[in-house]
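The opening position of the sequence shown corresponds to residue 2 in the working numbering, with each subsequent residue numbered one higher. All C-beta atoms in this analysis are idealised placements derived from N, C-alpha and C, irrespective of residue type, glycine included.
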Amino acid sequence: MTLSDLSELSAQAEPEVDPGMHVELSAAQVAARRQFRDFVAQRITPFADQWDRQEQIPRDTIDALRSQGYLGALLPRDVGGGAMDAITYGLLTEELARGCSSVRSLLTVHDMAAITVARWGGPRLKAEILPALASGKTLGALAVSEPGVGSDAASVETEARFEGEEIVLNGHKKWTTFGQIADVFLVLARSQQGLGAFLVNADAPGFSRRAIQGMTGTRASMLAELELDDCRVPADHQLGRVGFGLSHVIGGTALDHGRYSVAWGSVGIAQACLDACLDHTAERQQGGKAIRDHQLVRRQLTEMITETRAARLLCYRAGHLRRKRDPGAAPETWVAKYFASRAAVRAANCAVQLHGAIGLHEGSPVGRYLRDAKVMEVIEGSSQIQQTFIPDFPLSEL
Ligand SMILES: Cc1cc2nc3c(=O)[nH]c(=O)nc-3n(C[C@H](O)[C@H](O)[C@H](O)COP(=O)(O)OP(=O)(O)OC[C@H]3O[C@@H](n4cnc5c(N)ncnc54)[C@H](O)[C@@H]3O)c2cc1C
């Protein structure tokens, strides 16, 4: 019996598969991924190590992301966004991270701000700012962390005071990705009525920023610390109701999106590690043969291949639930982010090992992959925070 006879037979024997179980990209998604991949190969990958050393992304690269429609791609068409579906967005995030995790981080934070304004902003604020966020003309960022506040975001010390038609903010934000160049910031602050989320323009009175240099990972993501010193914003820059600023606005929308983006970004780093290792281990000869022909090297490649694919499948699952607006999407996203970020670290660690001394020299990108992967285990809920919460999640049956 030939192979084709066998597959014909098994097709006959196979009960009809519920289309909901298919894990397959549509033709449009495959075409979109090809376009993302070509863009990244031309405009991102060749320069990523240089940007890492220079600790910045050039303006013309950000312009290129804008003109491709990659910034604000999730926003609806009526405000100028791309109305991109969650899976296609995931593919975009993966491909960008495969080239440069710092560029991926711009997409992450910009879209965290953009979709949060779209969901929680009042009509006037939305009319004022969404078209500019959708085109990427205005760049958004997230300002939750403070010098004394990280994992426990509910303990933010930045204060918001309501004064007539204005909100007055006082506090210090830290580690704001792309804070050096962002135009608007999604700020978490406490008021007498509870935690609130506010949109602060970089040109608001009382706003100032200072660049943070010398990060270990995502070094080109242009971090900043922000000073809000009697910083005044119009009252309609409040997003959602006070008291729901963390639970619904920033936690339920911005950070949920951030986790989804970071999960896919982690897959991108893991895939980049795998690509580098498949090439290097085929070329590098030791003991009279290519190192990929040594059994222990093959074991490491197998682990990388399997874990990268498993992480991607978890991302597909989270994306599928997001497309359906299924309430199970958020917990599934936590699981995807948890696994994918750890898989990226393992893949990057393996990649450095398999490259030997070359992997420990700045001429090879695998050292950057390892530094960038480690960041993924810290941001949008560290691995330990996830380990604390995931056992209680109402995950749907698989
Ligand atoms: C590259 C980079 C970019 C960032 N960008 C942004 C940004 O754009 N906007 C923003 O607001 N913030 C940003 N951050 C900050 C990031 O959100 C925080 O680093 C993260 O929330 C963790 O907080 P922390 O670093 O203060 O660590 P801490 O909260 O001090 O945690 C330190 C360690 O203790 C563990 N830990 C803490 N609490 C618990 C617990 N309850 N149980 C078990 N273990 C615990 C953590 O897992 C971690 O290992 C960025 C950070 C980095 C590194």
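Excluding residues up to 5 positions away in sequence, 84 lie with their Cβ nearer than 8 angstroms to the Cβ of residue 78 in the same chain. Closest in alpha carbon position to residue 238, among 306, 198, 135, 250, is 198. Looking at the backbone, the Cα of residue 317 and that of residue 92 are separated by about 9 angstroms. Straight through space, the alpha carbons of residue 161 and residue 180 are spaced by roughly 20 angstroms.
Going by C-alpha positions, residue 75 is about 7 angstroms away from residue 116. Between the stretch 219-233 and the stretch 51-58 there are three or more C-beta pairs closer than 8 angstroms, enough to call the two in contact.
A straight-line Cα-Cα distance of about 18 angstroms links residue 329 and residue 389. Boundaries of the beta strand (DSSP E) around residue 201: 195-202. Between residue 68 and residue 167, the alpha-carbon positions lie close to 35 angstroms from each other.
A direct Cα-Cα distance of roughly 29 angstroms separates residue 279 from residue 62. Inclusion of residue 335 and residue 394 in the CB contact set at 8 angstroms is warranted, their separation being smaller than that value. The alpha-carbon separation between residue 215 and residue 23 amounts to approximately 45 angstroms. Relative to the non-hydrogen atoms of ligand 1, the Cβ of residue 57 never comes closer than 7 angstroms to any of them. For residue 248, there is no enclosing alpha helix (DSSP H), as DSSP marks it with neither H nor E. At least one heavy atom of ligand 1 falls within 7 angstroms of the beta-carbon of residue 216. Within the same chain, Cβ atoms closer than 7 angstroms to the Cβ of residue 343 are found at 378, 384, the five residues on either side in sequence being excluded.
Take the alpha-carbon of residue 153 and the one of residue 266: they are about 24 angstroms apart. Beta-bridge analysis with DSSP links residue 174 to 227. With a minimum length of 3 residues, there is no unbroken run of beta strand (DSSP E) contained wholly in the stretch 31-82. For the set 125, 57, 111, 323, the Cα lying nearest the Cα of residue 70 is the one of 111.
Partner residues in the beta bridge of residue 163, as assigned by DSSP, are 168. At a threshold of 7 angstroms, residue 272 does not count as near ligand 1, since its beta carbon sits no closer than that to any of the ligand's heavy atoms. Listed in chain order, the alpha helix (DSSP H) runs fully inside the stretch 338-386 are 367-377, counting runs of at least 4 residues.
Apart from sequence neighbours up to five positions away, the residues of its chain that approach residue 194 with a beta-carbon distance below 8 angstroms are 243, 244, ordered along the chain.
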